[in-house]
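Here the sequence shown stands for residues -18 to -1, 1 to 102, where the numbers follow mature numbering (1 follows the signal peptide of the UniProt record, and there is no 0).
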Amino acid sequence: MFFSKVFVALAAVVVVAASPMKRAPSCSYTLTPTAAVSGDLTAEFNYTLGLALVDKFPFGTLFSPGTTYNDNGDGTYSVGSAFSAEGFTDEEIAAIIIGLDGETLQGLTADWHVDTVSCA
């Protein structure tokens, strides 16, 4: 089961990287890892957010140019992303993403608590 989720998430990342993107809501997150992390976390955040959202868009393809992040120096990370999906409006996508607030998301090296999330 774990490997099937990893495959789905990796397939979503491949689609994300290879697909053109329409206008998408820009979202900002504050995330706290449940374990110590270090190094370049770009792939970690792409995987974590992609996995959290891929099941929420079962009838459309999920697009994203990737994530950006900053280490806040206090154990939290500020992460930025933009997602679009076929068959969903920007408002619907933003509402789904905002619904992640307070959840703990599965990552590759750590799980991540979503402290805050907002979309514009």
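Each residue gets a CB set at the ideal place from its N, CA and C atoms; glycine is no exception.
Source: prediction; values computed, not measured.
Looking at the strands, I want to know which residues DSSP matches up with residue i.
i, result
"T86", "H95"
Give the straight-line distance between the Cα atoms of residue i and residue j, rounded to the nearest whole angstrom.
i, j, result
"S8", "L90", "23 Å"
"A92", "T30", "9 Å"
"S60", "K38", "23 Å"
"D53", "S10", "14 Å"
Could you have a look at residue i and say whether DSSP puts it in helix, strand or coil?
i, result
"L23", "coil"
"M3", "Per-residue confidence for M3 stands at a pLDDT of 45, beneath the threshold of 50, marking its modelled position as unreliable; no derived number is given."
"G69", "coil"
"A18", "coil"
"G62", "strand"
Are residue i and residue j closer than 9 Å when you measure CB to CB?
i, j, result
"T12", "T58", "yes"
"A25", "A64", "no"
Kindly indicate which residue of the options has the alpha-carbon position closest to the one of residue i.
i, options, result
"T71", "T14, F45, G32, V99", "F45"
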